[in-house]
Amino acid sequence: MKLEDKIAVVTGVSRGIGLSTVEMLLEHGMKVAGWGRTAPEVQHENFEFVACDVRRADSVQMAYKHTVEHFGGHVAVLVNNAGLGRSSKLEDQSLEDWHLMFDTNVNGLFYCTRLVIAGMKEMGEGHIINISSIAGTTGIEEMSAYCATKHAVRGISHSLYKEVRDYGVKVTCIYPGSVQTNFFDNIDSVTVNENMMRPEDIASTIVHCLESHPNYHHVDIEVRPLMPKGRKRV
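Heads up, the sequence shown is in our numbering, so the first residue is 50 and it goes up one at a time.
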């Protein structure tokens, strides 16, 4: 897809992968709406921050309405990045955190995605990028709820791409390993470090997918740090 002057929506834009993705899409000439609860430090004529809580369908609906009216066209790219994780053994998992993760990681993705599909079909092109996790392909001890949400993201992505592919619309699911973001703020067992991937690495992968030939479809992309424990000495 040619990105210049196309409209993109990125969720969870205050920091990390979302912020890096916004900055990179702007560099490629896109008009970007950043949906989130906290505005990022982005000053650009083609950027519009839209206050939005993806856990609420009405909030997402208002954000979508504002976006298409502000930019005057259909959304060509949606990056479902908003997400969070809480660590707990299943038997100790609080109902509050369980619902928080599903409301954000799964329901939020659904609320956002359902609104952009019709416009993409009408244009005959579009790309939905869903940020899952390696937790979406495997189980992780004391992360069962988070893994469940990211497995759901994978299932939605695989089903949806088969529904929309014949309209020229792509759906790509990305499964990152550890990234230097605030994701780990609420996970005591992990400390962010320089051996993790950078947010801009994920953003560059997203752009690579978006710019691919119309008949070339990245379905699943798993990315990990090469040396998660640092370089070994000979």
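Glycine included, every Cβ here is placed at the ideal spot set by N, Cα and C.
- Query: What is the DSSP secondary structure of Glu97, counted as helix, strand or coil?
  - Reply: strand
Separation of Arg280 from Val124, as counted between CA atoms
42 Å
State the Cα-Cα distance for the pair Lys170 and Ala82, rounded to the nearest angstrom. 20 Å
### Val256 versus Leu74 - alpha carbon distance
7 Å
How big is the Cα-Cα spacing for Trp84 and Asn244? 29 Å
(request) Have a look at the DSSP bridge pairing and note the partners of Pro225. (result) As computed with DSSP, Pro225 is found in a beta bridge with Val272.
Report task. Between the Cα of Thr70 and those of Thr254, Gln92 and His266, spot the shortest distance and give me the residue it belongs to. Result -> Thr254
| request: Label His148 either buried or exposed according to how many other C-beta atoms from any shown protein chain fall within 10 Å of its C-beta, with 16 as the threshold for buried. | output: exposed
(message) Quick check on DSSP: helix, strand or coil for Ile66?
(response) Ile66 falls in the helix class under three-state DSSP.
Review point. Do you know offhand how far His262's Cα is from Asn242's?
Key: 36 Å
Notebook entry, point to check: Among Ala88, Ile180 and Ala194, which one has its Cα closest to the Cα of Ile205?
Noted result: Ile180
- Inter-residue CB distance, Phe325 and Thr198 (contact presumed, cutoff 8 Å): Because the chain is modelled from 50 through 283, residue 325 falls outside the range shown and cannot be assessed.
Item to check | Distance between Asp102 and Asn129 (C-alpha atoms, nearest Å) | outcome: 13 Å
Next on the checklist: By the DSSP assignment, the beta strand (DSSP E) with Thr60 in it spans what residues?
Outcome noted: Ile56 to Thr60
Q | Own chain residues within Cβ distance below 6 Å of Gly67, not counting five before or after | A | Val59, Gly61 and Asn130
task = Spell out the partners DSSP gives Leu127 in its beta bridges.
result = Val58 and Ile177
Inset, instruction - Leaving out five residues on either side along the sequence, give the residues of the same chain with a beta carbon under 6 Å from the beta carbon of Asn48. - result: There is simply no residue 48 to check, as the chain begins at 50 and stops at 283 in what is shown.
Leaving aside the five residues before and after Pro274 along the sequence, list all residues of the same chain whose C-beta is less than 8 Å from its C-beta, in chain order. Closer than 8 Å at Cβ, skipping near neighbours: Gly226, Ser227, Asn244, Met245 and Met246.
Q: For Met79, I'd like the list of residues in its chain whose CB is within less than 6 Å of its CB, leaving aside the five on either flank, ordered along the chain.
A: Leu52, Lys55 and Ala57
Look at Val109 and Cys161 and say whether their C-beta atoms are less than 8 Å apart. Yes; because the gap between Cβ atoms is below 8 Å, this pair is in contact.
**Message:** Among Met50, Glu76, His77 and Glu90, whose alpha-carbon lies nearest the alpha-carbon of Gly65?
**Reply:** Nearest C-alpha to Gly65: Glu90.
Within this structure, are the beta carbons of Gly312 and His200 separated by less than 8 Å? With the chain represented from 50 up to 283, any question about residue 312 goes unanswered, as that position is not in the structure.
Given this structure, state the Cα-to-Cα distance separating Leu139 from Tyr113, to the nearest angstrom. Taking the straight line from one Cα to the other gives about 35 Å.
By Cβ distance below 8 Å, which residues in the same chain neighbour Val272 in space, the five residues on each side in sequence not counted? Ile223, Tyr224, Pro225, Gly226, Met246, Asp250, Ile251 and Thr254
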